[in-house]
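Chemist: Provided herewith is a single structure, encoded as C-alpha cells, for subsequent inquiry.
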Amino acid sequence: MISYRILIVEDEVLIAEMLRRYLCANGHQVVGTAASYNEAIELFLREKPDLILLDIQLNGPQTGIDFAHFVQSWGDRQPVIYLTSQMDKRSIQQARQTFPAGYLAKPIHKESLYTTIEMAMYRHSTPRIDEPVLNLPDRQLKVSLSDILYLKADHVYVEIHTVGPKKHVVRSALSKLLQLLPHSLFVQTHRSFVVQIKKVSHWNHRKLYINNTAIPLARSHKKTVYTYLEKIAS
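First residue of the sequence shown: 0, per numbering that gives the first Met the number 0; consecutive thereafter.
And the structure:
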C-alpha cells in the first residue's frame with residue numbers, strides 16, 4: 000500500500016476527524032486540516048500535499064470550488080476529491096470546471112474513501128500519451144493544449160498563459176494562433192483575447208473569469224461565446 004500526503008479541507012470538525020482517522024489507519028499521512036479557504040491555501044502552499052479531500056461548503060465567503068480553482072492554477076495540479084452531500088445543478092456545473100479526480104457522497108464510508116484515493120492517484124501518476132501540443136510554424140511549443148488557459152495579444156506578440164505561473168511569449172498574430180487551435184475548445188472573446196472555454200469558471204455580460212483573471216468580453220463576440228458557454232453548461 001502506497002502512503003500519500005493528504006490535505007483535508009472540511010469545515011465540520013467531526014467529519015474532518017473521522018477522515019483523519021480513516022486515512023491514518025490506512026497508512027496515509029494527513030498534512031493538515033482546514034475549515035476555510037485561507038487556511039486551505041496556507042496549508043497547501045506550505046505542505047504541498049499529494050492529494051486534497053475538499054468539501055464544497057467552507058467557513059467564509061469562498062467555497063471549496065474557489066480553492067480547487069486555485070489548486071488548478073499551480074503546476075502540479077494535485078488531484079482533488081470533492082466531499083458532497085447534496086449539490087444543486089449550478090454547483091455541479093461549477094465543480095465540473097475544476098476537473099476533480101472524484102466525488103465522495105456523505106456520509107463517507109472508508110472503503111469508498113480508500114478506493115477513490117487509489118484511483119485518483121493512479122490516474123494522476125499515469126503519463127499522458129500523445130497529448131496534443133500547440134504546433135507553431137517555426138517550432139513546436141512544448142505545452143499541452145489542456146494546460147492552456149488563455150492567450151493575450153500584445154502588439155506583435157502573444158502571451159500564452161498556462162496552468163501554473165509560467166507563460167510563453169511568441170511573435171505572432173493572435174488570429175494565426177487561433178487557426179492552429181481546436182475550434183471546439185478555444186474561442187475569441189475580444190480582439191486581444193482567446194480563451195479555452197472549459198477553463199472559464201464564471202462570467203457576466205462584460206467579462207469571463209479564469210481562476211481570478213478577468214477576460215474582457217466584447218459585444219461583437221458575445222453571441223459566439225455564449226454558444227460555447229451553453230455547451231459546457233449543458
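Built from N, CA and C at the ideal position, the CB exists for glycine as well.
No experiment lies behind these values; they were computed from the predicted model shown.
Give a yes or no on whether the C-beta atoms belonging to GLN191 and LEU173 are separated by under 8 Å.
Modeler: On the sequence shown, residue 191 is found 192 positions in, with the first residue counted as 1. On the sequence shown, residue 173 is found 174 positions in, with the first residue counted as 1. The residue asked about is misnamed: residue 191 is Ser in this sequence, not Gln. In contact: SER191 and LEU173 (Cβ atoms closer than 8 Å).
Chemist: Pull up the distance between the alpha-carbon of ARG89 and that of ARG95, whole angstroms please.
Modeler: In the sequence shown, the residue the question calls residue 89 occupies position 90. In the sequence shown, the residue the question calls residue 95 occupies position 96. Approximately 10 Å between the Cα atoms of the pair.
Chemist: Out of LEU179, ASP10, VAL79, ARG4, state which residue places its alpha-carbon closest to the alpha-carbon of PRO60.
Modeler: If you number the sequence shown from 1, residue 60 lands on position 61. Of LEU179, ASP10, VAL79, ARG4, the residue nearest in Cα terms is ASP10.
Chemist: Can you tell me whether GLY63 is buried or exposed, with buried defined as 16 or more other CB within 10 angstroms of its CB?
Modeler: Within the sequence shown, the letter at position 64 stands for residue 63. It counts as buried.
Chemist: Which word fits PRO131, buried or exposed, when buried means at least 16 other C-beta atoms lie within 10 angstroms of its C-beta?
Modeler: The count along the sequence shown starts at 1 and reaches residue 131 at position 132. Exposed, by the Cβ-count rule.
Chemist: Per DSSP, HIS287 forms a beta bridge with which residues?
Modeler: As shown, the chain starts at 0 and ends at 233. That puts residue 287 outside it, with no answer to give.
Chemist: Report back the beta-carbon spacing between ALA34 and LEU57 to the nearest angstrom; my notes put them in contact at under 8 Å.
Modeler: Stepping through the sequence shown from its first residue, residue 34 is reached at position 35. Stepping through the sequence shown from its first residue, residue 57 is reached at position 58. Correct: roughly 7 Å between the Cβ atoms.
Chemist: Going by beta-carbon coordinates alone, are VAL70 and PHE43 separated by less than 8 Å?
Modeler: In the sequence shown, residue 70 corresponds to position 71, counting from 1. In the sequence shown, residue 43 corresponds to position 44, counting from 1. Against a cut-off of 8 Å, the Cβ pair of PHE43 and VAL70 comes out as a contact.
Chemist: State the Cα-Cα distance for the pair TYR81 and TYR121, rounded to the nearest angstrom.
Modeler: Position 82 of the sequence shown, counted from the start, is the residue given in the question as residue 81. Position 122 of the sequence shown, counted from the start, is the residue given in the question as residue 121. Roughly 17 Å separates the two Cα atoms.
Chemist: Nearest-angstrom Cα distance between ASN203 and LYS221?
Modeler: Taking the first residue of the sequence shown as position 1, residue 203 is located at position 204. Taking the first residue of the sequence shown as position 1, residue 221 is located at position 222. Cα to Cα, ASN203 sits roughly 11 Å from LYS221.
Chemist: Pull the bridge partners of ASP153 from the DSSP assignment, please.
Modeler: Translated into the one-based positions of the sequence shown, residue 153 becomes position 154. DSSP, once it has assigned bridges, lists TYR156 as partnering ASP153.
Chemist: Tell me which residue opens and which closes the alpha helix (DSSP H) that ASP65 is part of.
Modeler: As a working mapping, residue 65 is identified with position 66 in the sequence shown. Note, ASP65: alpha helix (DSSP H), 63-71.
Chemist: Based on the DSSP secondary-structure assignment, which residues constitute the bridge partners of SER35?
Modeler: Residue 35 sits at position 36 when you count from the first residue of the sequence shown. Paired residues: ASN58.
Chemist: Determine the extent of the alpha helix (DSSP H) in which ARG190 is found, giving its start and end residues.
Modeler: Mapped onto the sequence shown, residue 190 falls at position 191. That residue, ARG190, is in no alpha helix (DSSP H); it is neither H nor E in DSSP.
Chemist: Express the C-alpha separation of THR188 and LEU112 in angstroms, rounding to a whole number.
Modeler: Along the sequence shown, one-based indexing puts residue 112 at 113. Along the sequence shown, one-based indexing puts residue 188 at 189. Cα-Cα distance, rounded: 41 Å.
Chemist: Roughly how far, in whole angstroms, is the beta-carbon of LYS105 from the beta-carbon of THR83, given that I think they are within contact range, below 8 Å?
Modeler: To locate residue 105, count along the sequence shown from 1; it is residue 106. To locate residue 83, count along the sequence shown from 1; it is residue 84. Confirmed, about 7 Å.
Chemist: Just tell me which of PRO78, HIS154, ASP146 has its CA closest to the CA of LEU180.
Modeler: For the purposes of this step, residue 180 is taken as the residue at position 181 of the sequence shown. Comparing Cα positions, the closest option is ASP146.
Chemist: Per DSSP, which one or two residues make a beta bridge with HIS167?
Modeler: Sequence index remark: in the sequence shown, residue 167 carries index 168 (1-based). ILE159.
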